[in-house]
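Novice:
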Amino acid sequence: MSILVYTESENGKLKKGAFECVSYAKAIADEMGTGVTAVTINAEDAGTLGNYGASKVLAISNGDLDKFNAKKYASVLEQAAKQEGSKVVVVSSSADSKYLAPLLAVGLEAGYVSNVVEKPSSLSPFTVKRTAFTNKAFANTEINTDVKLVGVSNNSFGLVESGGSASVEDFSPSIAESGVTVESVDKVAGKVTIADADIVVSGGRGLKGPENWGLVENLAEVLGAATACSKPVSDLGWRSHSEHVGQTGKPVATNLYIAIGISGAIQHLAGISASKVKVVINTDPEAPFFKAADYGIVGDAFEVIPVLTEKLKAFKAQNA
Amino acid sequence: MKILVCISHVPDTTSKINFTDGDTKFDTNGVQYVINPNDEFGLTRAMWFKEKQGASVDVVNVGGPETEPTLRKALAIGADSAIRVNTAATDGYAVAKELANVVTSGGYDLVIAGRESIDYNGGMVPGMLSALTGANFVANCIGLEVDGTSAKAVREIDGGKETVATSLPLVIGGQKGLVEESDLRIPNMRGIMMARKKPLNVVEPTGANAETAASSFEKPAPKGAVKLVEPDNIDELINLLHNEAKVI
Ligand SMILES: Cc1cc2nc3c(=O)[nH]c(=O)nc-3n(C[C@H](O)[C@H](O)[C@H](O)COP(=O)(O)OP(=O)(O)OC[C@H]3O[C@@H](n4cnc5c(N)ncnc54)[C@H](O)[C@@H]3O)c2cc1C
Ligand SMILES: Nc1ncnc2c1ncn2[C@@H]1O[C@H](COP(=O)(O)O)[C@@H](O)[C@H]1O
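Chains as they are written, first to last, in our numbering: chain D, 338 to 657; chain V, 6 to 253.
1. In three-state terms, what does DSSP make of I191/V?
2. Is N619/D near ligand 1, going by C-beta to nearest heavy atom under 7 Å?
3. Do you know whose CA, among K424/D, K363/D, G551/D, lies nearest N388/D's CA?
4. At the level of alpha carbons, what is the spacing between V234/V and F639/D?
5. Is the closest heavy atom of ligand 2 to the C-beta of D188/V under 7 Å?
6. Apart from the five residues on each side of it in sequence, which residues of its chain come closer than 6 Å, Cβ to Cβ, to S502/D?
7. Count the other CB atoms within 10 Å of the CB of K545/D; is the residue buried (16 or more) or exposed (fewer)?
8. Given a threshold of 16 other Cβ atoms within 10 Å of its Cβ, counted over all protein chains shown, does E150/V qualify as buried or as exposed?
9. Is it true that the CB of V644/D sits closer than 8 Å to the CB of I239/V?
10. Return no unless some Cβ of chain V is closer than 8 Å to the Cβ of L414/D.
11. 8 Å is my cut-off, CB to CB: does V100/V come that close to chain D?
12. Please list the terminal residues of the continuous alpha helix (DSSP H) segment that includes D160/V.
13. Skipping 5 residues on each side, what residues in its chain have a beta carbon closer than 6 Å to that of V641/D?
14. Tell me, which residues are paired with P643/D by DSSP?
15. Going by DSSP in three states, V661/D sits in which element: helix, strand or coil?
16. For a test of your reading of the model: does the CB of P131/V fall under 7 Å from any non-hydrogen atom of ligand 2? Yes or no.
17. If G601/D and G583/D are in contact, beta carbons under 8 Å, what's the gap, nearest whole angstrom?
18. Using beta carbons (cut-off 8 Å, strictly below), is G182/V in contact with chain D?
19. Establish whether the CB of T585/D and some CB of chain V are separated by less than 8 Å.
20. Under 7 Å between beta-carbons, which chain D residues line up against P42/V? List them in chain order, please.
21. Considering only residues of the segment 40-115 of chain V, which uninterrupted alpha helix (DSSP H) runs meet the minimum length of 4 residues and lie entirely inside it, listed in chain order?
22. Please report the residue range of the beta strand (DSSP E) in which L402/D lies.
23. What is the rounded straight-line gap between the Cα of Y113/V and the Cα of S61/V?
24. According to DSSP, is F24/V helix, strand or coil?
Structure representation (structure tokens):
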């Protein structure tokens, strides 16, 4: 009956999104009077999930699951949910979780709702609030199946420490055949990704050319932020496609989004508006982005950004 | 190779989003509908398979008669024939079940769908469809080559990309990157004329049950005015981000 949560890890370490999903599941479990069971795959720090409300962890360690594989992972989670008799299953909104969730939904015959931003407003009918129309609206959505699958939007619920502890059990599910094999991965090591970042620094066509991206990179480094860009910037080949954010790019739901030389077209705003605080730096006071921003500087990025970067460096050194 | 491209019929990206009937229905008043951008990339890739590898390309939509202009547009871009499953698309699972029926009865080898529809952003139809039909599945697909029954696909991952080997039958969730932006096609006059003569078959639904239902909609609370900081007063911006917004 417990609520099952898939907790993601990378290189053996749980991700922040894992703690958020467990916090979210705990809020539902408290209302339903049940516990939270987390599933980890090759994570070394499974015990830390207790602090966010997991009472039990099903810890899988299996070399065959070293690389993410949607079908294998979905099958493993399906087995865990069936073993636990879970009626509610929680996953994150990372690219990997969104990949496996529809497969898991079919396996569990569960109604699935993605991009959920709050804990359920009602348990019967089970109703959750999700974003729709690329953040231009919310839809209150009922799930009418016996088993319910909820995809929690990144940074929407936050981390809630409950100071508990979890029992960690080994779990050895059978591994499904998968018709998809990873041949190579092309990923910059040690760089914060847009999906995992608390802060994203993003550049637009106002930066004039790829040779000027040092400005964005340096600012991001000081803030421990991920870098991103507008669509034309990736279309022009100034930055890789994987940095493109917006309605047709990656969604951004960070605590702080800094937009440099981006006009704020509706398709760009749609994809980033779930971010909590937005700062805009643009030479044009009429740029539409100022209407969507919390803080703004009407100014030239080539003058403002180097000063901002230096001052933040000093600020960080002082507050470290 | 028989290709099916799933086309979702969505409001144009610049649409104003409003609701009617006590915030329970999307207000279609004045809204322009288009082929879902993610599906447009997929359709363009399908045209490449048609022209370079002799594939046949059908398009399908689950929806009411109002979606036919969108299917005609796909025909004008070059699809061979269109199928409309005559039922309102209310839930991803029900749509996936209807599509699974089309895929199975049509014997398609490759199904190209989009990463997500830009209206409800479910991001679930392609994955569910693959699970229902037993096909392989690659999400966030930004590159696809097919050779006989083997396929090589590139998937965008958080912070990069990965290349995978797989085989037909295959479903992909395509997105920007699958083809170059400059390769996207606008239907020309000849295409539009030809599209009128191409078959658009209406089939009745199997009647799959929805598992979820949107009971009401809300719009985000209006935003307060931006606080402007002078470019020579960066200290103030840092102060605001630290003490007021508490994000650094
Ligand atoms: C179907 C569709 C989907 C789309 N999806 C997306 C999407 O997902 N993401 C996306 O980003 N776009 C998307 N777009 C494109 C979008 O409409 C805009 O064209 C794009 O966002 C503009 O990018 P930009 O702001 O970088 O460039 P521009 O609009 O050219 O703006 C550049 C800005 O930089 C400012 N600037 C110039 N010099 C400086 C300086 N020295 N210092 C500071 N500021 C300066 C200018 O004042 C201007 O505001 C989509 C469009 C369509 C039609
Ligand atoms: N009503 C529909 N008819 C045909 N294809 C659809 C429909 N809804 C979704 N799809 C396909 O599934 C993809 C993902 O949609 P969704 O899961 O709704 O975000 C879309 O890009 C389409 O390719």
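All residues carry an ideal CB built from backbone N, CA and C; glycine is no exception. As the structure is a prediction and not an experimental result, all values here were calculated from the model.
Specialist: With the given structure in hand:
1. I191/V: coil per DSSP, three-state reduction.
2. Taken from the Cβ of N619/D, at least one heavy atom of ligand 1 lies inside 7 Å.
3. For N388/D, the nearest C-alpha among the options comes from K363/D.
4. Cα to Cα, the separation comes out at about 16 Å.
5. Outside the cutoff, so no.
6. Hits under 6 Å: G387.
7. Residue burial is scored here from C-beta neighbours: K545/D has fewer than 16 other C-beta atoms within 10 angstroms and is therefore classed as exposed.
8. By the 10 Å Cβ count, E150/V comes out exposed.
9. Cβ distance < 8 Å, so I239/V and V644/D count as in contact.
10. So no, L414/D is outside the interface.
11. Chain D, which has no Cβ nearer than 8 Å to the Cβ of V100/V, makes this no.
12. The sequence given here has Arg at residue 160/V, not Asp. Where R160/V is concerned, there is no enclosing alpha helix (DSSP H), although the beta strand (DSSP E) it sits in stretches over 155-162.
13. A distance below 6 Å between beta-carbons, with the five flanking residues on each side excluded, links V641/D to the following residues of its chain, in chain order: I618, I634.
14. Answer is none; P643/D lacks a bridge partner.
15. Residue 661/D falls outside the range modelled here, since chain D spans only 338 to 657, and no answer is possible.
16. True, at least one ligand heavy atom lies under 7 Å from that Cβ.
17. Their Cβ separation, rounded to whole angstroms, is 11 Å, which puts G601/D and G583/D out of contact at 8 Å.
18. With 8 Å as the cut-off, G182/V counts as an interface residue toward chain D.
19. For T585/D, a Cβ of chain V is located within less than 8 Å of the residue's own Cβ.
20. Contact of P42/V with chain D by beta-carbon distance below 7 Å involves T585.
21. Runs of the alpha helix (DSSP H) inside the segment 40-115 of chain V: 42-58, 73-82, 97-111.
22. If you look at L402/D, you'll find it isn't in any beta strand (DSSP E); DSSP assigns it neither H nor E.
23. If you take the alpha carbons of Y113/V and S61/V, they lie about 10 Å apart.
24. The three-state secondary structure of F24/V, taken from DSSP, is strand.
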